[in-house]
Each structure stands twice: as structure tokens, then as C-alpha cells.
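If you read the protein sequences in the order shown, they are chains A and B.
Going by the numbering used here, the first sequence opens with residue 175, and the numbers climb by one from there.
Going by the numbering used here, the second sequence opens with residue 179, and the numbers climb by one from there.
Since the structure comes first, as C-alpha cells, the remarks are kept for the end.
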Amino acid sequence: MNVLNVFKIAGRALARNTMRSALTMLGIIIGVGAVIAMVAVGQGAKAQVEAQIASIGSNMLMVFPGSTTQGGVHAGSGSATTLTEDDARAIQKELSSVRFAAPSLRTVAQVVSTNQNWSTAVTGSSPDYFVVRDWTFESGGSFATSDVDGAAKVAVLGKTVADNLFGSQDPIGQIVRIRNVPFKVIGLLAPKGQSAMGQDQDDTVIIPLSTLQKRIMGVTNIQIIMVSAHSPQETVVAEEEVRLLLHQRHHIPPGQDDDFSVRNMTDIAAAAAASSKIMTILLGSIASVSLIVGGIGIMNIMLVSVTERTREIGIRMAVGARGRDILLQFLVEAIVLSLSGGILGVALGVASSRIISAFVHWPTIISPGSILLSFVFSIAIGVFFGLYPARRAASLHPIEALRYE
Amino acid sequence: MTPLIQIENLWKIYRTGEIELAALKGISLSVVRGEFVAIMGPSGSGKSTLMHILGCLDQPSRGRYLLDDAEVGGLKPNELARIRNQKIGFVFQGFNLLHRTTAIENVELPILYNGLSARERAARAGEALERVGLGDRRSSYPNQLSGGQQQRVAIARALVMRPPLILADEPTGNLDTRTSVEIMALFQELNRDGITIIVVTHEPDIAAYASRIITFRDGTVRSDLPVSRRADAKDVLSGGKIP
């Protein structure tokens with residue numbers, strides 16, 4: 175019996191019970207649809223997390239000052255004023271694993287243009303800051319090292335700040351005032367969007383570190399040193415080297431608490447990526463359960479079908495069908511059910527992913543892999559759950575099948 | 179004439195738990211090519227069991243069965259299926275056509291399990307339907323046909339593989355008298371063309387169209403006699419003896 179005929183017979187048998195076939199398929203449709211949509215949501219979330227992590231900067235370490243103790247009261251981490259610009263310079267100059275080390279200091283200030291004002295985070299740093307954080311410029315450019323040395327009054331604006339102060343106007347060359355000090359805008363950063371913590375990374379102004387220290391805040395310390403290692407593998411080495419160097423520079427004897435702390439952003443990134451991967455697996459496996467339930471539905475209907483068509487099986491056997499032919503007939507029916515359910519389920523999954531993206535604004539990524547997998551999986555379900563009923567049909571005794579009322 | 183069917187000391191014993199029931203008790207008989215045999219006997223006499231064994235739907239418990247000079251006993255289910263497909267045509271009391279399947283497709287069914295090309299399949303099925311006088315009802319569904327027409331479709335299906343043997347189990351049991359005679363006329367015609375026919379029946383009128391009558395009782399052959407005054411179904415029909 176050739177394959178084409180088998181499919182023809184299967185298609186006809188299913189078409190005879192349109193309603194029943196459709197309802198049976200529904201289980202697979204929903205199952206496959208759910209798997210594709212859930213994996214799309216998971217992958218979308220993962221991609222978003224990865225993009226956010228990439229926006230922090232690559233191979234990053236952050237060095238924070240330690241806590242201070244006054245009269246037995248511990249202030250929070252970062253309250254110490256022991257970290258200096260010289261520490262940053264030393265890290266960059268002396269450590270081979272380090273590509274850049276950008277000192278930074280940050281305050282919140284009102285930024286005023288001619289007719290608008292905006293409260294934002296003002297960061298003072300060196301030109302390396304832009305490299306370490308992978309910032310690119312939409313227009314204009316960075317300040318130079320000479321600007322840092324000379325405490326020049328120049329500023330680079332984030333997209334959000336520029337939009338709020340200047341609207342659609344070009345901010346380059348304009349003057350903004352920060353705590354009454356006039357700054358010339360020399361650069362506009364390309365937008366980065368939200369950080370992994372949900373902050374708007376574009377709501378920022380960056381000026382030379384010395385300018386912030388001397389002209390605005392009147393301090394000499396810094397808050398963070400952002401360190402960029404040469405490669406992801408070297409972040410671990412760099413972390414250790416930075417620690418050793420700062421021990422030396424701050425004269426911390428062994429056994430005493432550090433007056434600084436080093437955080438490896440790659441670890442945080444890896445943790446975030448891992449958790450979003452777990453979410454994808456979790457969502458996918460919950461959805462797979464519905465696929466299996468759909469498969470059981472197929473088995474159920476096929477068993478009913480075999481019982482109903484016992485006499486047909488008997489007739490076919492009487493005219494020369496072998497057990498194999500009967501097995502194939504019912505197996506192909508189950509596969510046609512699950513495969514067409516799978517195809518419709520892919521359509522449903524793609525459609526619902528689009529709907530989730532459009533209405534809930536979750537990013538979704540439909541990977542060809544998940545489509546292929548659900549496809550193969552739905553065929554496998556057809557074979558797995560169709561085999562038992564089909565074997566039952568094939569093992570019927572011709573006489574008993576013919577006598578069946 | 180060489181025998182088409184040769185059985186020797188054939189037994190069929192059914193076991194249900196402790197109880198053994200012998201449906202056939204050491205039957206021996208042979209049927210030559212071209213014979214038209216009627217098998218008669220009360221219910222439970224073993225005639226249906228014999229038909230199942232002759233039709234390779236069931237295996238004997240003991241004894242030999244040679245069909246067309248080949249031993250059938252001990253064959254595997256797949257080999258039996260092949261014999262049913264090529265050497266035997268079945269006709270049943272209840273027609274046993276597939277519902278919602280056209281006449282021509284019902285007739286094509288045995289060829290599906292033989293692997294002929296689609297064109298050859300349609301040609302042979304069409305030919306078989308012509309032969310039973312239903313050339314114009316190819317696309318009719320069983321429920322659009324009368325009982326007699328349905329039985330003709332079933333006969334066409336039995337013929338389509340051109341088997342040497344047709345087994346009919348009470349083929350006229352569900353038909354009125356006139357249609358029954360028409361069906362017997364068709365069988366007689368096929369028999370004249372050389373096909374061996376074995377019919378199981380309750381009715382002596384029907385058995386009278388055969389050339390030989392074997393009567394069963396309690397799993398044994400009670401009588402095996404040639405029909406002395408064989409009826410010709412065509413004459414009966416044209417003679418106007420039937421309303």
C-alpha cells in the first residue's frame with residue numbers, strides 16, 4: 175500500500191468527523207501555540223536583559239569606597255572618601271589586565287537652559303568613561319584629557335536631558351547652567367534606554383571630573399572607579415590585581431577591613447542571563463505539559479475511533495490488509511491529526527507572540543528553533559500516542575472484527 | 179480435475195477456560211475447480227467455522243488444508259492476508275461495504291493492498307462493476323443503493339482480484355426472494371466462467387442453484403450429495419415464477 179494512499183485514506187477518515195478531528199487537534203494547537211509563545215516571551219526577556227547588560231559596558235569592574243565608622247556607627251558602603259583620582263590613574267597605568275579605569279563622581283543637580291530646567295544626575299569623569307561604558311555619540315563628541323586637567327566648563331548630555339532642555343533643537347554649542355556655572359554643550363550621547371534596574375540611562379549629564387569636584391561640589395574624592403578589563407576572562411585577574419594595588423596604596427595591613435569594594439559586573443550579567451534562561455525553560459516546560467495533554471487527547475480519540483471502526487478493520491483484513499497496513503493507517507491518522515494541529519499551533523503561537531508584543535509591550539523573539547522543535551515534537555506526539563491505538567487495531571482478529579456490531 | 183480445496187481430518191477446538199468445544203471434528207473433503215458448492219446445516223453445526231478456515235481468516239487446530247496445492251496450515255498472519263487478497267473473494271450476509279465510500283472505491287479496496295497503479299486499479303474496479311451490472315453506479319454510496327445492488331458491489335469487490343475461489347456466507351440472507359434469485363443468477367454466471375463458488379445457506383431453494391450440497395451437523399459432514407435437478411436462476415427469473 176503506497177504512502178500517498180495511506181495519507182488519502184487518513185485525510186478522508188478525519189474529514190468524516192470534522193468536529194471531532196478539529197477538537198482533537200485543538201489540544202495540539204494550544205499546546206504548540208503555548209510552547210512557541212512562551213519561548214518567544216522568554217527569549218525576548220533574555221535578549222532584553224542581555225542588551226541592558228551590554229549597555230553597562232563590557233568586561234566591567236566597579237570599585238566603590240568602603241564604609242566609614244564614626245563613634246561605632248557604620249555609615250553605608252560608599253560613604254568613605256578615601257578613593258581618589260590618583261587611585262584610578264594608578265590602576266590604569268600599573269595593571270596590565272586593565273584597559274581603562276575611569277574615575278567618576280556623581281551628584282544630582284538642576285540643569286538649566288534658557289527657558290527650561292531639568293533635574294538629573296551629573297557625572298564627572300575622564301574621557302575613558304565613554305569607552306568603558308560603551309557610550310557612542312549621536313552628535314558632537316567627548317571632552318579631552320586637557321579639559322579634565324584644566325577643569326573646562328564643557329558638558330555631554332544624555333538624550334533625555336537634551337530632549338527636556340532643548341526639545342527638537344540641536345543642543346550642540348548651547349549653554350546650560352549647573353548650579354549657576356555655565357557649561358558649553360559639546361556632545362550628545364546616543365540613547366541606551368533602561369538599565370537592568372529600570373533606570374533611564376539617558377537621563378544624565380557628563381562633565382570633566384575636575385570641573386565637578388572643584389567648581390560644583392568642592393570635594394577632592396571620587397565615588398566609583400569603573401574598570402574595564404581587556405577581555406571577559408581577564409576580569410577575574412583584574413579584580414584581584416585592583417584589590418592588591420589598592421591595599422598597597424591605602425596601606426591596609428592584612429586582616430583589616432578594606433576601605434573599598436570591587437564588584438564584577440560580568441558576574442551580575444551572567445546571573446541575570448542565567449535567570450532569564452531558567453525562565454524560558456520554565457515557561458517552555460509548562461507549555462509542553464499542555465502539548466502532552468493534547469497528545470493524550472489524540473490517543474483517546476484514536477482509541478474511540480479504532481473501536482468504532484472495528485468492522486471496517488475486519489473488512490479490510492478480509493480483503494487482504496496485513497496487520498502492518500492497518501497499523502500504518504491508524505498511525506498516519508494520528509500523525510496527520512497532530513501534524514496539522516502542529517502547523518495551526520505554529521500559526522497560533524506566532525500570532526499570540528505578536529499580540530503580546532503589541533498590547534503588553536513585552537519583547538518577544540520567535541526563534542526558528544522553537545518552531546522546528548514544536549513541529550518535530552508534534553509529529554513525535556502523533557507517533558507516540560497513536561502507536562498504542564494503532565497496534566490495538568492491527569492486532570484485532572479478523573473474524574472478531576467482522577462480527578463486531 | 180485437480181482439487182482447488184483439499185482438507186483432511188480437520189479439527190477446530192475452541193477453549194474457554196476449562197471447557198473445550200470442538201466446532202469441527204475431523205472433516206475431510208475436497209472441492210474441484212469449477213464446482214458450485216452449497217453448505218447447509220443448523221446454527222452451530224460448524225459451517226461458519228469451516229468457512230472461516232477455508233477463507234484463511236482462521237487457522238485449524240489440527241489437520242491439513244491445501245488451497246490451490248499449497249499448504250495453508252501454519253502460515254503467518256501476513257501470508258494468510260496475502261492469500262485472502264489474491265485467491266479468495268468474500269461475500270457476506272450483511273454486505274460489509276465501507277460506509278461513506280463510493281461503490282468504485284469499495285471495489286478498489288482489495289487492490290489497495292496489492293500495489294497496482296492507480297490507473298490499473300480504476301480500470302479493474304470499473305470492469306468488475308460492469309460485470310455485476312452496476313457500471314453506471316460507480317460514484318454511488320452504499321446508502322444510495324438497494325440491498326441487491328449493495329450485494330452486487332460486494333461481489334464486484336470479491337471479483338476484482340480475479341480469485342479462483344469465492345466464499346459467500348449467507349449472501350441472500352438479507353434480500354427478498356426475487357433479488358436473491360438475481361444474486362444466485364450472478365453466481366451461476368461467474369461459476370460458468372470458471373470461478374469456484376462455495377455458498378453457506380439456510381434455504382434449500384438457494385442451495386438448489388448449486389451443483390453439490392454438503393450438510394453439516396455437530397461439526398461433522400452429514401451428507402455430501404450432487405444436486406440432481408439443478409435450478410437455473412436465469413430460467414426462474416424469465417419463467418415468471420417469481421413476482
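Backbone N, C-alpha and C fix where the C-beta goes; we use that ideal spot for every residue, glycine too.
Determine the closest residue to residue i out of the options, with distance taken between C-alpha atoms.
{"i": "A:N191", "options": "A:A567, A:M476 and A:W536", "result": "A:M476"}
{"i": "B:A429", "options": "B:E308, B:L182 and B:L228", "result": "It is not possible to answer for residue 429 of chain B, since the shown part of chain B is limited to 179 through 421."}
{"i": "A:D376", "options": "A:N338, A:I349, A:R194 and A:G392", "result": "A:N338"}
{"i": "B:P341", "options": "B:A306, B:L228 and B:P238", "result": "B:A306"}
{"i": "A:M199", "options": "A:Q407, A:I509, A:G216 and A:I529", "result": "A:I509"}
{"i": "B:G313", "options": "B:S324, B:R330 and B:N321", "result": "B:R330"}
{"i": "A:W309", "options": "A:L279, A:S479 and A:I380", "result": "A:I380"}
{"i": "A:T256", "options": "A:L420, A:V286, A:A325 and A:N354", "result": "A:L420"}
{"i": "A:S416", "options": "A:G494, A:A336, A:D499 and A:K267", "result": "For clarity, residue 416 of chain A is Val in the given sequence; the question names Ser instead. Closest option to A:V416, Cα to Cα, is A:K267."}
{"i": "A:R437", "options": "A:E414, A:G560, A:N176 and A:L502", "result": "A:E414"}
{"i": "A:N395", "options": "A:S405, A:F504, A:A403 and A:S384", "result": "A:S384"}
{"i": "B:K265", "options": "B:G251, B:I282, B:P288 and B:Q271", "result": "B:P288"}
{"i": "A:S435", "options": "A:M236, A:I227, A:P542 and A:R490", "result": "A:M236"}
{"i": "B:Y387", "options": "B:G417, B:F270 and B:M362", "result": "B:M362"}
{"i": "B:F273", "options": "B:N321, B:V209 and B:P181", "result": "B:N321"}
Roughly how many whole angstroms lie between the Cα atoms of residue i and residue j?
{"i": "A:E224", "j": "A:M234", "result": "14 Å"}
{"i": "A:A567", "j": "A:E486", "result": "10 Å"}
{"i": "B:V377", "j": "B:A216", "result": "5 Å"}
{"i": "B:S239", "j": "B:I191", "result": "6 Å"}
{"i": "A:E507", "j": "B:A259", "result": "22 Å"}
{"i": "B:R407", "j": "B:D413", "result": "13 Å"}
{"i": "B:L323", "j": "B:G233", "result": "27 Å"}
{"i": "B:I183", "j": "B:G212", "result": "11 Å"}
{"i": "B:D236", "j": "A:I204", "result": "45 Å"}
{"i": "A:I529", "j": "A:L456", "result": "21 Å"}
{"i": "A:Y578", "j": "A:A492", "result": "14 Å"}
{"i": "A:D374", "j": "A:P365", "result": "10 Å"}
{"i": "B:E348", "j": "B:N187", "result": "25 Å"}
{"i": "A:D432", "j": "A:A262", "result": "17 Å"}
{"i": "B:G325", "j": "A:L178", "result": "33 Å"}
{"i": "A:I452", "j": "A:T319", "result": "44 Å"}
{"i": "A:Q387", "j": "A:S548", "result": "59 Å"}
{"i": "B:D371", "j": "B:F214", "result": "12 Å"}
{"i": "A:T378", "j": "A:L518", "result": "48 Å"}
Is the beta carbon of residue i within less than 6 Å of some heavy atom of the ligand HEM?
{"i": "B:N292", "result": "Among the components modelled here there is no ligand, and therefore nothing to report on the ligand HEM."}
Is the beta carbon of residue j closer than 7 Å to that of residue i?
{"i": "A:A283", "j": "A:I352", "result": "yes"}
{"i": "B:N263", "j": "B:Y291", "result": "yes"}
{"i": "B:L345", "j": "B:M229", "result": "yes"}
{"i": "A:F304", "j": "A:S316", "result": "yes"}
{"i": "A:V355", "j": "A:R389", "result": "yes"}
{"i": "B:G204", "j": "B:F394", "result": "no"}
{"i": "A:T281", "j": "A:M391", "result": "yes"}
{"i": "B:A301", "j": "B:V338", "result": "no"}
{"i": "B:L275", "j": "B:Q327", "result": "no"}
{"i": "B:L245", "j": "B:T227", "result": "no"}
{"i": "B:I384", "j": "B:T355", "result": "no"}
{"i": "A:V411", "j": "A:S271", "result": "yes"}
{"i": "A:A461", "j": "A:L505", "result": "no"}
{"i": "A:I472", "j": "A:S514", "result": "no"}
Between which two residues does the alpha helix (DSSP H) holding residue i run?
{"i": "B:P288", "result": "A281 to L290"}
{"i": "A:G347", "result": "Here A:G347 belongs to no alpha helix (DSSP H), and DSSP marks it neither H nor E."}
{"i": "A:S464", "result": "M439 to E482"}
{"i": "A:V355", "result": "Careful: A:V355 lies outside any alpha helix (DSSP H), inside the beta strand (DSSP E) at V355 to L363."}
{"i": "A:S300", "result": "Here A:S300 belongs to no alpha helix (DSSP H), and DSSP marks it neither H nor E."}
{"i": "B:M339", "result": "Taken as a continuous stretch (DSSP letters only), B:M339 belongs to no alpha helix (DSSP H), as it is neither H nor E."}
{"i": "B:R262", "result": "P255 to K265"}
{"i": "B:E213", "result": "No alpha helix (DSSP H) contains B:E213, which DSSP labels as neither H nor E."}
{"i": "B:Y387", "result": "Neither: B:Y387 is in no alpha helix (DSSP H) and is coded neither H nor E."}
{"i": "A:P542", "result": "P542 to A568"}
Determine the chain B residues that contact residue i at a beta-carbon separation under 7 Å, and present them in chain order.
{"i": "A:E486", "result": "L276"}
Show which residues of chain A have a CB atom less than 7 Å away from the CB atom of residue i.
{"i": "B:D236", "result": "I573"}
{"i": "B:H230", "result": "I573"}
{"i": "B:P320", "result": "Near B:P320 there are no residues of chain A at all, since even the closest Cβ is about 12 Å away, more than 7 Å."}
From what residue to what residue does the beta strand (DSSP E) around residue i run?
{"i": "B:G251", "result": "No beta strand (DSSP E) holds B:G251; DSSP gives it neither H nor E."}
{"i": "B:Y243", "result": "R240 to L245"}
{"i": "B:A303", "result": "Looking at the DSSP string, B:A303 is not in any beta strand (DSSP E); the run it does join, the alpha helix (DSSP H), is A296 to R309."}
Using a C-beta to C-beta distance shorter than 9 Å, which residues of chain B count as neighbours of residue i?
{"i": "A:R194", "result": "The contacting residues do not exist; A:R194 stays about 14 Å from chain B at best."}
{"i": "A:N179", "result": "L290 and A296"}
Residues of chain A with CB closer than 8 Å to the CB of residue i, please, in chain order.
{"i": "B:Y291", "result": "M175, R490, V493, G494, A495, R496 and D499"}
If the cut is a Cβ gap below 9 Å, which residues of chain D does residue i touch?
{"i": "A:R565", "result": "Judged by its chain identifiers, the structure shown contains no chain D, and its protein chains are A and B."}
Along chain B, in chain order, which residues have C-beta atoms closer than 8 Å to that of residue i?
{"i": "A:R190", "result": "R278"}
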